[in-house]
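K.L.:
One structure follows; several queries about it will come next.
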Amino acid sequence: MISQKMVVVDLETTGNSPKRGDRIIQLSAVTIEKGKIVGQYTTFINPEITIPTFIEELTGINDEMVEGAPSFEEIAPTVLEILDGAVFVAHNVDFDLGFLQSELEEAGYNGFYGPKVDTVELAKISYPTAESYKLTELADRFTLSHDRPHQADSDAYVTALLLIHFIEVLSKLPLVTLETLEPLAKYLKSDLELLLRWIVEKNRINIEELPETIEIYRGIALKKKVELLDSGVFTKEVVYPSDDTNKEELLHRAFSNYERRQSQFQMMDEVYDAFSRKKHLIVEAGTGVGKSLGYLIPALYYSKAMNMPVVISTYTVQLQEQLLQKEVKQLQEMTDFPFHVVLLKGRNHYLNLFKFEQSLREEESQFDVVLTKMQILVWLTVTNTGDIDELNLTSGGMLFWNRIKHDGWHLQKEKDPWISRDFYLYARKQSNQADLIITNHSMLLTDLVSDTNLLPSYQQVIIDEGHHLEKAARKHFGKMLDYISVKFTTSQLGNLDHKQLYYKLETLLEKYDVQQDLHSFELDMMIGEFYRELDECLNILASTFLKHAKKRKDVQKIQLRLTDEIMSGRAWQPALIATERVCSHMKKIENAIFERLEHIKKKDIKLEDQEKTLVEEVYSFLKDWSQLMEQFQLVFKKNQDEQVIWMEGDLRSLPTSLIIQAQPISVGESLQERLFSKVESAVITSATLTVQSSFNYLLEEIGLSTDNIKQLQLPSPFQYEKNSTLYITNDLPEIQSVSVDEYVEAIAAHLIAIAQATKGRMLVLFTAYDMLRKTHELMKDSGLLEDYVLMAQGISSGSRTKLTKNFQRFDKAILFGTNSFWEGVDIPGEDLSCLIMVRLPFSPPNEPINQSKCDRLKKEGKNAFSSYSLPEAVIRFKQGVGRLIRRSSDRGIVIVFDQRIISTRYGRAFLKSIPSMPVRKGNLEELLQRIEEWL
111 MISQKMVVVD LETTGNSPKR GDRIIQLSAV TIEKGKIVGQ YTTFINPEIT
161 IPTFIEELTG INDEMVEGAP SFEEIAPTVL EILDGAVFVA HNVDFDLGFL
211 QSELEEAGYN GFYGPKVDTV ELAKISYPTA ESYKLTELAD RFTLSHDRPH
261 QADSDAYVTA LLLIHFIEVL SKLPLVTLET LEPLAKYLKS DLELLLRWIV
311 EKNRINIEEL PETIEIYRGI ALKKKVELLD SGVFTKEVVY PSDDTNKEEL
361 LHRAFSNYER RQSQFQMMDE VYDAFSRKKH LIVEAGTGVG KSLGYLIPAL
411 YYSKAMNMPV VISTYTVQLQ EQLLQKEVKQ LQEMTDFPFH VVLLKGRNHY
461 LNLFKFEQSL REEESQFDVV LTKMQILVWL TVTNTGDIDE LNLTSGGMLF
511 WNRIKHDGWH LQKEKDPWIS RDFYLYARKQ SNQADLIITN HSMLLTDLVS
561 DTNLLPSYQQ VIIDEGHHLE KAARKHFGKM LDYISVKFTT SQLGNLDHKQ
611 LYYKLETLLE KYDVQQDLHS FELDMMIGEF YRELDECLNI LASTFLKHAK
661 KRKDVQKIQL RLTDEIMSGR AWQPALIATE RVCSHMKKIE NAIFERLEHI
711 KKKDIKLEDQ EKTLVEEVYS FLKDWSQLME QFQLVFKKNQ DEQVIWMEGD
761 LRSLPTSLII QAQPISVGES LQERLFSKVE SAVITSATLT VQSSFNYLLE
811 EIGLSTDNIK QLQLPSPFQY EKNSTLYITN DLPEIQSVSV DEYVEAIAAH
861 LIAIAQATKG RMLVLFTAYD MLRKTHELMK DSGLLEDYVL MAQGISSGSR
911 TKLTKNFQRF DKAILFGTNS FWEGVDIPGE DLSCLIMVRL PFSPPNEPIN
961 QSKCDRLKKE GKNAFSSYSL PEAVIRFKQG VGRLIRRSSD RGIVIVFDQR
1011 IISTRYGRAF LKSIPSMPVR KGNLEELLQR IEEWL
């Protein structure tokens, strides 16, 4: 196929829909022959309509540039001549080809009907671990010059270079991998099968030797596992650099222009001292202290000196990746002795190779499943870990992963032909030889309650992002029942007509003549009856929720705390009875399936490999089934002194959005008993742990008393006094005194004026999604910000990371965020110069967890506001302020619209908890003047 001409096309258009009258404004076509670029044709096109401002901002193409350009009718013959006999290639080929066909037909020509290749599909298969498949980000990843993103000539040229690169990458894959990929490709959306066939034929003629790092096992190519060399053979004594000169020498090896940070040295000494004296320590290390190395260096030296692993636990995957990719590499540059760091996750993060191998033998035409199989085949040639977090899968791919993930062995472990290459066992083996083990709060907590140890034996633990430990523990010790998971889990069983797991199991039993107490016909009837009962039960739960929940105007997502009063009332009885029936059916079905599996075991049948994976799949399904039964028990739980139960859902999409959750009201005792009393020393750290310089709130939440832990507060070395100002507006109405719509109108007017003064570069933080949505809508429709790009969480597509990256790409950008944007968003430099907090970040008083915690504190005779609501809001406020200054050179202004910060006594708690900076108050006019002077 590569001997055929390939034409890479990119279009810029006035919008996404030719049916709604959108037109092409620029076209570029790059011709590739024999793997080389031989020509490029580019032209502006007069669309005969006005180019929208957003498109002009995105592409840099304006009405003047296309005014004298040819119409599409004039260039159509040239385009068809270029495409004649070619393969049509584009990044997201269906968009470009579909748009072009539309214009060709409109101009009276036949469309293009040759083969097409999508470089997005090609990228997903060639680089299954890429963070993003957007053109600009792929160009960055491969350092391709892409000087004018969103202009057709630059985009088409970069896409052509990527196409050539991806073909080279695929050509270097082992032949056995290519031969497995080729037949799968026929189910993709573009004609990659033709490209793969050409590569396979070419590679069969001149078969290359396998690289040293690759092995072929049972017909699958995978990267050879590297066994850890025992770092214990290093004989030189490892001595902790206790004096500052030695520390400085150490850090100079990794940072040529290292500037001494006394606070970082102090943190290192305190961590080492806590480990040596077997004490607990809590450290708040402000932005810029160098917290990660502040604990990694002493942890490594202590681990080496004592020959004991130190566990480091984080809340987010981002921090784990940062530690591995950045700080651990810096540690390697600093030290002159070998050491091992391992990232250890829960078992179901790892691929089960036996299940995957068998899945390749199943004929599967569903696009997401096929794409995921192809991605995994390529990934196996490069991965050391087999950890799903390395992969960038579609949501359909994630569902397929549930079938092939690792969840232990139910048949004899030794009978798994892949045992010698098993990823989970390899990770466990590595962790047994590691000096530092990085994991997450969830895994750390699972290990505490698990019958078998998941982590190697340890006595020292560092808990980074420590302000999240209580939340992680509540979630972990709690339970959740949600409609989507219920439907997904139960649908895997199916009755005989569905041809799912139950049908496959019965076929297996029939083949080996395994007799059952309960006939398959009876069990089939029972399964059918179960599905009917389940639907009825979920509908009853949803209607009971609707009956009790307080509806608020314009609020779609609501929560209902299930008090003992509600659960004892008559209205709850139908839900109880329906759930009882579901649980009773589930128990009978579980017993019948389990009995069938036991009969297979007893008969000692020599199962074929595919049959073994089926039995494994049924066993792991039963695990999920039994967990689901446990979750259904939530509906019966009363006595809520120790835990809170609530329902939540979106009124627009019940019952599908329905969730029932239970969480302990307090986790302090559990953490004390299961974690802090079991280890010699725990170090808890984060940039935001104190309220008015006191750790009391957090220590109480996690079950530690002030007398059995050393406390250390290290302020940020950044010059907030010089580089930032906090401004409080005094001309906005008090939110309680006006309607939500009036308040939104007032803040939207302020935000528009501020945006014009700061030229965008603005992050606006809300505490409620509905207010965010209304404000965003009003500002967008105002017509006053046509030159600006407005992005909003939950409205603009993409994750928090994706929105942040997009925000950084545009000069005049405004980003609106709620809860998760108050922390973990890192926008250094000039991309962010203004941070606005619409309201002080108190959690809604009607949130079930808040209600329960406040009720409990009141019962104990404490003030719920000052003991819980206020400190929780202060810590979140500190996190919000922390978004602005990420580096010593950053400058910026914080604006707070909520006057409670100065009009109430408790407002001082917020101002006293953040780094010292000038605080000003005034009206909008004065604020705009200040901004102009400041920026």
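Here the sequence shown stands for residues 111 to 1045, numbered as in the numbering used here.
Here a beta-carbon is modelled for each residue, glycine too, at the ideal position from N, C-alpha and C.
This structure is a prediction, so every number in the text was calculated from the model and none was measured.
Could you check which residue in F533, P566, Y534, D561 has the C-alpha nearest to that of L546?
P.N.:
For L546, the nearest C-alpha among the options comes from P566.
K.L.:
DSSP three-state call for A331: helix, strand or coil?
P.N.:
strand
K.L.:
So what does DSSP say about C693, is it helix, strand or coil?
P.N.:
C693 carries a helical assignment under DSSP once its states are collapsed to helix, strand and coil.
K.L.:
Verify whether the separation of the beta carbon atoms of W528 and F464 is less than 9 Å.
P.N.:
yes
K.L.:
Flag this pair as yes or no: are the beta carbons of E61 and R328 separated by less than 9 Å?
P.N.:
Absent from the structure is residue 61, since the part of the chain shown begins at 111 and ends at 1045.
K.L.:
In chain order, what residues of the same chain have a beta carbon less than 8 Å from the beta carbon of G208, not counting five sequence neighbours either side?
P.N.:
P128
K.L.:
Evaluate the contact criterion for the region 725-732 versus the region 576-583: three or more CB pairs, one atom per stretch, below 8 Å.
P.N.:
no
K.L.:
Let me know the secondary structure DSSP gives M444 once reduced to three states.
P.N.:
In the structure shown, M444 adopts helical secondary structure according to DSSP, grouped into three states.
K.L.:
In the DSSP assignment, what are the bridge partners of M116?
P.N.:
I142, V197
K.L.:
To the nearest angstrom, report how far apart K436 and G604 are at their CA atoms.
P.N.:
47 Å
K.L.:
Since S413 is in the alpha helix (DSSP H), which residue starts that stretch and which ends it?
P.N.:
401-416
K.L.:
Is it a yes or a no for the region 797-809 touching the region 984-992, going by three-plus beta-carbon pairs under 8 Å?
P.N.:
Yes: at least three Cβ pairs fall under 8 Å.
K.L.:
Determine the contact status of D263 and T123, defining contact as a CB-CB distance below 9 Å.
P.N.:
Result no, Cβ atoms of D263 and T123 do not sit closer than 9 Å.
K.L.:
Can you tell which of E443, A395, V420, E394 has its C-alpha closest to the C-alpha of H362?
P.N.:
E443
K.L.:
May I ask you to verify whether the region 478-485 touches the region 499-519, counting CB pairs closer than 8 Å and requiring at least 3?
P.N.:
yes
K.L.:
Is the region 585-601 in contact with the region 766-773, if contact means three or more CB pairs nearer than 8 Å?
P.N.:
yes
K.L.:
Where does F365 land, buried or exposed, given buried means 16+ other C-beta within 10 angstroms?
P.N.:
exposed
K.L.:
Taking only runs that begin and end inside the region 564-630, name each unbroken alpha helix (DSSP H) of 4 or more residues, in chain order.
P.N.:
Runs of alpha helix (DSSP H) with 4 or more residues, each lying fully within the region 564-630, are found at 579-587, 593-601, 611-621, listed in chain order.
K.L.:
On a Cα-Cα basis, can you pick out the residue from H260, D257, I309 that is closest to I274?
P.N.:
I309
K.L.:
Using a Cβ-Cβ cut-off of 6 Å (strictly less than) and excluding sequence neighbours within five positions of N156, which residues of its own chain qualify?
P.N.:
For N156, where only same-chain residues beyond five positions count, the Cβ hits under 6 Å are V176, A179, S181.
K.L.:
Roughly how many angstroms lie between the CA atoms of L71 and T424, to the nearest whole one?
P.N.:
No information on residue 71 is available, as it lies outside the stretch 111 to 1045 that the chain covers here.
K.L.:
Is the beta carbon of L302 closer than 9 Å to that of E231?
P.N.:
yes
K.L.:
For E852, which three-state DSSP category applies?
P.N.:
The answer is helix: DSSP assigns E852 an H, G or I state.
K.L.:
If we count Cβ pairs, one from each stretch, closer than 8 Å, do we get three or more for the region 978-985 versus the region 912-921?
P.N.:
no
K.L.:
So who's on the other strand from L925, going by DSSP bridges?
P.N.:
L873, M901
K.L.:
Can you name the start and end residues of the beta strand (DSSP E) that V393 belongs to?
P.N.:
391-395
K.L.:
Is the region 218-230 close to the region 192-205, with three or more CB pairs under 8 Å?
P.N.:
yes
K.L.:
Taking 9 Å as the threshold (beta carbon to beta carbon), is S386 in contact with chain D?
P.N.:
Here there is only one protein chain, and chain D is not present.
K.L.:
Looking at L254: is its Cβ nearer than 9 Å to the Cβ of L280?
P.N.:
Not a contact, by the Cβ cut-off of 9 Å.
K.L.:
Can you tell me the Cα-Cα spacing of D841 and L824, whole angstroms?
P.N.:
36 Å
K.L.:
Tell me, to the nearest whole angstrom, how far the beta carbon of Q610 is from that of R706; I am working on the premise that it is less than 8 Å.
P.N.:
That belief does not hold up - the Cβ atoms of Q610 and R706 are roughly 15 Å apart, past 8 Å.
K.L.:
What number of angstroms, rounded off, separates the C-alpha of Q802 from the C-alpha of P843?
P.N.:
28 Å
K.L.:
What does the Cβ neighbour count give for F746, buried or exposed, with the cut at 16 atoms within 10 Å?
P.N.:
exposed
K.L.:
Tell me, please, which residues DSSP counts as bridged to I548.
P.N.:
Among the bridge pairs identified by DSSP, I548 is matched with I422, L453.
K.L.:
What is the rounded straight-line gap between the Cα of S1026 and the Cα of S834?
P.N.:
9 Å
K.L.:
So what does DSSP say about D497, is it helix, strand or coil?
P.N.:
strand
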